[in-house]
Amino acid sequence: MKKIGWSVITIPYYIRNTRKTQRQRRTGRTGGRCKRRYKFMRIAAFCFFAPAAFSLGLRRWLLGKESTGEALLHFGTAALWLNALALALLDARFHVEVPVMQALSQSGLFALKYLALTCALALAGVLAERLLTRAQAAFRLPEWLARTAWLWAALLAAVLFGLHFARIFDNNFWGDEGFSIRLARQTIPEMLESTAEDVHPPLYYLILMGFNRLLGNHGWVYHLASVVPFGLTLAAAVTFLRREFGWWPGALLCLFSSFLLCAQKYDLEVRMYSWAALFVLLAFYELYRLLTKGAQNRDCVGFVLASLAAAYCHYYALVTVAFLYVGLLAGVLCKLVPFKKLAAVYLTTVAGYLPWFVVLLTTFRRTTEDYWMTKTPTLRQCLEFLFDSGSGTAIYFCLLLFVTAVGMALTRETGLARRPDEKKAVGLNGTSLWILTGLAAVFGTMAVGLAVSALIRPMFATKYLYPAAVIVWLLFGVCLSRMRWGTLLSVLLAAVVVAVGVPDYQDKVESAKEQNERYRQVLAGMADLTPADGILTDMYYLEWTSLEYYFPENEHDDFDRSEPPELEEGRTYWLLLSGDLDEGLESWLAAEGRTAREVCHDGRLATYTVHVYQCPAAG
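When we follow the working numbering, the leftmost residue of the sequence shown carries the number 283, and every step to the right adds one.
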């Protein structure tokens, strides 16, 4: 599926490039061959689009007449899904080795078989649609179930939160998490100075510092600080988001934010991503109310506070909410928001972020000169991150369904696909503008990150998209619920997310158990550690970030194996090494009059593999 998932999207570029190549090669003997290739290329294009036209004709015959806009919408949807399903079947059943476009352009027999397959899929799809249309009228949700929808939503949120809460009791933190813990144990002035020299705003570290002061220096405390915004997201999904958009958008948001691989990772990681995602979600919701409910004062205040909180959590969250402000400006141009409210929101936001703006400029100037990143993600990797899961098929299924749902929602909200019996004006309303703004915020954040990385230096990673991903998940549920079979498709999507996510969750739990077991081996081997002992490691990143958390009472330092330090007499040292004790270190210890006793082999500390040696004082 991964090899062919983008074939439909690349059809226009393939046709253009093929024509260009043929024009360049149309000399001498190659003229006839180019003409034949041009003929087969036209056959390939016909195979991709003719089944969609066939599906459209069947719809008009079996389901009734449609307006021009609705017919074009169904034609585009059919072209997308028929070819995607055909490509998936070919890849899963027949394992086509060559690109499908190449096979279609080179083999008339393969093109005929492909055309027959897509036409059969078109016929099956239209017949299924007719049956579902008839069955939908007879189906009614039981009244008792409708009355207790809130109870089932609350139960779902409680179960999902419990699954994540059960994972907070581990003591494995990678480097950036150790850095967060280090800042949380500082004073506020020290923390502000440290984060100003780093690349992130201070709000998350202030929150983490509060958890540290209230509950102490424990691993579960720092994980809890990241799980709390996840719980608040679930609470928002099953309360005011459910009341505003319906049950299924809230349920899908809960499932996406719980079972996708990116959610399982960043909802517990001791970093700012879960908090930034919560604030972006709240800002996006408040934008909906501003565009559709008449821009009340409380919504303006909520929008400003949520936007500022997101901007003070992460710089790319700042980029995301900046696009929301562009959408609010468009709301003024469409006469959905009064200009006075817009001016008040803009001025308040600028005043609120101005104290950190100078630091932002300094940070950007410093990162353009020197930054740790060396690679830039591709656009494909960014798109896959939005529905990151262990299955490539599930990713492309979600992407295709998302494009379909959003396209149908936009065309219907704008009146472009209104039915013949509907008298609806064509133009943007509050809902359609909100959807467009959400798309602009997500893909605009991608574009800014990729552009800065391409023009200046790599400064963008896919994980920076996590705050914006919640916009996609909410939009997905809202647009899907407004389709003709929104309930059925929502059930199907929920089943896919759960089926893919539950095994991933089990793998996460088993991996955490294994790492904790190896961490306890390290602690057992270092049971004789005293506050007077020193700790040395050849892993700079471990010493700089995490040893202060694991061994707060001990002095620790890193060293280079080629230039080991001098050891203090009468002091016991513990070596935390990335590998076994080699001849160079043995010679160094012998010169210091020391011996090394291995107390733990292949242990785990801060997600790093360590070998622990005890070096008692001489004599």
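Every residue, glycine too, gets a C-beta built ideally from N, C-alpha and C.
Legend entry - Alpha-carbon to alpha-carbon, Met808 and Leu871: Walking along the sequence shown from the start, residue 871 turns up at place 589. Walking along the sequence shown from the start, residue 808 turns up at place 526. Note on geometry: alpha-carbon atoms of Leu871 and Met808 lie some 19 Å from one another.
Legend entry - Neighbour-count burial assignment, Val804, 16 or more Cβ in a 10 Å radius: Taking the first residue of the sequence shown as position 1, residue 804 is located at position 522. Flag for Val804 reads buried.
Legend entry - Buried or exposed (CB count within 10 angstroms, at least 16 for buried), Glu851: As a working note, residue 851 is residue 569 in the sequence shown. Around the CB of Glu851, fewer than 16 other CB atoms lie within 10 Å, so the residue is classed as exposed.
Legend entry - Neighbourhood of Asp884 by C-beta, 8 Å cutoff - its chain only, sequence neighbours within 5 removed: Sequence index remark: in the sequence shown, residue 884 carries index 602 (1-based). Within its own chain, the residues whose Cβ lies closer than 8 Å to the Cβ of Asp884, once the five positions on either side in sequence are excluded, are Arg800, Thr891 and His893, listed in chain order.
Legend entry - Three-state secondary structure assigned by DSSP to His596: Numbered from its first residue, the sequence shown carries residue 596 at position 314. In this structure, His596 counts as coil in the three-state DSSP scheme.
Legend entry - First through last residue of the beta strand (DSSP E) which encompasses Cys882: As a working mapping, residue 882 is identified with position 600 in the sequence shown. Run containing Cys882: Arg879 to Leu887, per the beta strand (DSSP E) assignment.
Inset, instruction - Provide the residue span of the alpha helix (DSSP H) that contains Gly807, from first to last. - result: What you label residue 807 is simply residue 525 of the sequence shown in a count that begins at 1. Under the DSSP assignment, Gly807 falls in the alpha helix (DSSP H) whose first and last residues are Gly768 to Gly807.
Legend entry - Paired residues, beta bridge with Tyr895 - DSSP: Taking the first residue of the sequence shown as 1, we reach residue 895 at position 613. Paired residue(s): Leu857 and Glu880.
Inset, instruction - Label Ala470 either buried or exposed according to how many other C-beta atoms from any shown protein chain fall within 10 Å of its C-beta, with 16 as the threshold for buried. - result: Looking up residue 470 in the sequence shown gives position 188. The residue you asked about is not Ala; residue 470 is Ile in the sequence shown. Ile470 comes out exposed.
Inset, instruction - Give the secondary structure of Ala900 by DSSP, where H, G and I count as helix, E and B as strand, and everything else as coil. - result: Residue numbering aside, residue 900 sits at position 618 when the sequence shown is read from its first letter. Reduced to three states, the DSSP call for Ala900 is coil.
Legend entry - Three-state class that DSSP yields for Ile452 in the structure shown: The sequence position of residue 452 within the sequence shown is 170, counting from 1. In the sequence as presented, Ile is not what sits at residue 452; that position holds Asp. Three-state result, Asp452: coil.
Inset, instruction - Please determine, among Arg341, Gln468, Glu848 and Leu858, the residue with the shortest C-alpha to C-alpha distance to Leu811. - result: Stepping through the sequence shown from its first residue, residue 811 is reached at position 529. Checked all of Arg341, Gln468, Glu848 and Leu858; the closest Cα to Leu811 is Leu858.
Legend entry - Nearest-angstrom Cα separation, counted from Asp862 out to Cys882: One-based indexing of the sequence shown puts residue 882 at position 600. One-based indexing of the sequence shown puts residue 862 at position 580. Counting only the Cα atoms, Asp862 lies some 11 Å from Cys882.
Legend entry - Meets three-Cβ-pair contact criterion under 8 Å: the region 475-495 and the region 532-541: Flag = no, the region 475-495 and the region 532-541 do not touch.
Inset, instruction - Just tell me which of Arg464, Gly532 and Asn365 has its CA closest to the CA of Trp434. - result: Counting from 1 along the sequence shown, the entry for residue 434 is found at position 152. Comparing alpha carbon positions, the residue from Arg464, Gly532 and Asn365 closest to Trp434 is Gly532.
Inset, instruction - Select from Gln896, Leu615, Leu497 and Ala360 the residue whose C-alpha is nearest the C-alpha of Arg341. - result: The sequence position of residue 341 within the sequence shown is 59, counting from 1. Cα-wise, what sits closest to Arg341 is Ala360.
Legend entry - Per-residue burial, Thr309 [other beta carbons within 10 Å of its own, 16 or more giving buried]: Looking up residue 309 in the sequence shown gives position 27. For Thr309, the predicted model reports a pLDDT of 47, less than 50, meaning its position is unreliable; a value from the coordinates is still stated below. Per the 10 Å Cβ criterion, exposed.
Legend entry - Nearest residue (CA-CA) to Ala626, options Trp638, Lys617, Val641 and Tyr607: Position 344 of the sequence shown holds residue 626. Among Trp638, Lys617, Val641 and Tyr607, the Cα nearest to that of Ala626 is on Tyr607.
Legend entry - Same chain only: Cβ atoms within 6 Å of Ala751, ignoring 5 sequence neighbours per side: For the purposes of this step, residue 751 is identified with residue 469 of the sequence shown, where counting begins at 1. In the same chain as Ala751, and ignoring 5 residues on each side of it, the C-beta atoms closer than 6 Å to its own belong to Leu668, in chain order.
Inset, instruction - Out of Phe330, Leu372 and Trp557, state which residue places its alpha-carbon closest to the alpha-carbon of Tyr746. - result: Locating residue 746 in the sequence shown gives position 464, counting from the first residue. Its Cα nearest to that of Tyr746, the residue Trp557 stands out among Phe330, Leu372 and Trp557.
Legend entry - Residue environment, Lys617, which counts as buried when at least 16 other CB atoms sit within 10 Å: By one-based count along the sequence shown, residue 617 stands at place 335. Label assigned to Lys617: exposed.
Legend entry - Identity of the residue in Leu563, Cys329 and Cys761 nearest Glu695 by Cα: Within the sequence shown, numbered from 1, the residue matching residue 695 stands at position 413. When C-alpha distances from Glu695 are compared across Leu563, Cys329 and Cys761, the shortest belongs to Cys761.
Legend entry - For Thr719, three-class secondary structure by DSSP: By one-based count along the sequence shown, residue 719 stands at place 437. The three-state secondary structure of Thr719, taken from DSSP, is helix.
Inset, instruction - Out of Gly697, Tyr855 and Gln797, state which residue places its alpha-carbon closest to the alpha-carbon of Leu887. - result: Translated into the one-based positions of the sequence shown, residue 887 becomes position 605. Nearest of Gly697, Tyr855 and Gln797 to Leu887, Cα basis: Gln797.
Inset, instruction - Identify every residue that forms a DSSP beta bridge with Asp840. - result: For the purposes of this step, residue 840 is identified with residue 558 of the sequence shown, where counting begins at 1. Looking at the DSSP assignment, Asp840 forms a beta bridge with Thr819.
Inset, instruction - Flag this pair as yes or no: are the beta carbons of Asp458 and Ala794 separated by less than 9 Å? - result: Counting from 1 along the sequence shown, the entry for residue 458 is found at position 176. Counting from 1 along the sequence shown, the entry for residue 794 is found at position 512. No, the pair does not count as a contact, with Cβ atoms beyond the cut-off.
Inset, instruction - Pick out whichever of Ala519, Phe392 and Val408 has its Cα sitting closest to the Cα of Leu442. - result: Residue 442 sits at position 160 when you count from the first residue of the sequence shown. Out of Ala519, Phe392 and Val408, Ala519 has the C-alpha closest to the C-alpha of Leu442.
Legend entry - Straight-line Cα distance separating Ala327 from Gln304: Start at 1 with the first residue of the sequence shown, and residue 304 comes out as number 22. Start at 1 with the first residue of the sequence shown, and residue 327 comes out as number 45. Reliability of the predicted coordinates at Gln304 is poor, the pLDDT of 49 falling under 50, and the value obtained from them is presented with this limitation in mind. As the crow flies, the alpha-carbon of Gln304 is around 16 Å from that of Ala327.
Legend entry - Whole-angstrom distance between Leu550 and Tyr787, CA atom to CA atom: By 1-based counting over the sequence shown, the position of residue 787 is 505. By 1-based counting over the sequence shown, the position of residue 550 is 268. Put simply, the backbone Cα of Tyr787 is about 12 Å away from that of Leu550.
Inset, instruction - Kindly indicate which residue of Leu683, Leu710 and Ile677 has the alpha-carbon position closest to the one of Thr693. - result: Here residue 693 corresponds to residue number 411 of the sequence shown, with the count starting at 1. Considering only Leu683, Leu710 and Ile677, the residue with the shortest C-alpha distance to Thr693 is Leu710.
Legend entry - Ala873 to Ala729 span [Cα, whole Å]: Along the sequence shown, one-based indexing puts residue 873 at 591. Along the sequence shown, one-based indexing puts residue 729 at 447. Straight-line spacing of the CA atoms in Ala873 and Ala729 works out to 57 Å.
Legend entry - Any 3 or more C-beta pairs closer than 8 Å across the region 817-828 and the region 838-851: Enough Cβ pairs lie closer than 8 Å, so yes.
Inset, instruction - Find out if the Cβ-Cβ distance for the pair Phe527, Gly759 is shorter than 9 Å. - result: Position 245 of the sequence shown, counted from the start, is the residue given in the question as residue 527. Position 477 of the sequence shown, counted from the start, is the residue given in the question as residue 759. Pairing Phe527 with Gly759 gives a Cβ-Cβ distance under 9 Å.
Legend entry - Within-9 Å CB hit, His446 to chain D: Going by chain labels, chain D is absent from the structure shown, which holds only one protein chain.
Legend entry - Beta-ladder partner(s) of Glu845, from DSSP: Numbered from its first residue, the sequence shown carries residue 845 at position 563. For Glu845, which the question treats as bridged, DSSP gives the partners Asp842.
Legend entry - Whole-number beta carbon distance between Leu867 and Pro846, since they are thought to touch under 8 Å: Numbered from 1 along the sequence shown, position 564 holds the residue referred to as residue 846. Numbered from 1 along the sequence shown, position 585 holds the residue referred to as residue 867. The Cβ separation is near 7 Å, so the contact holds.
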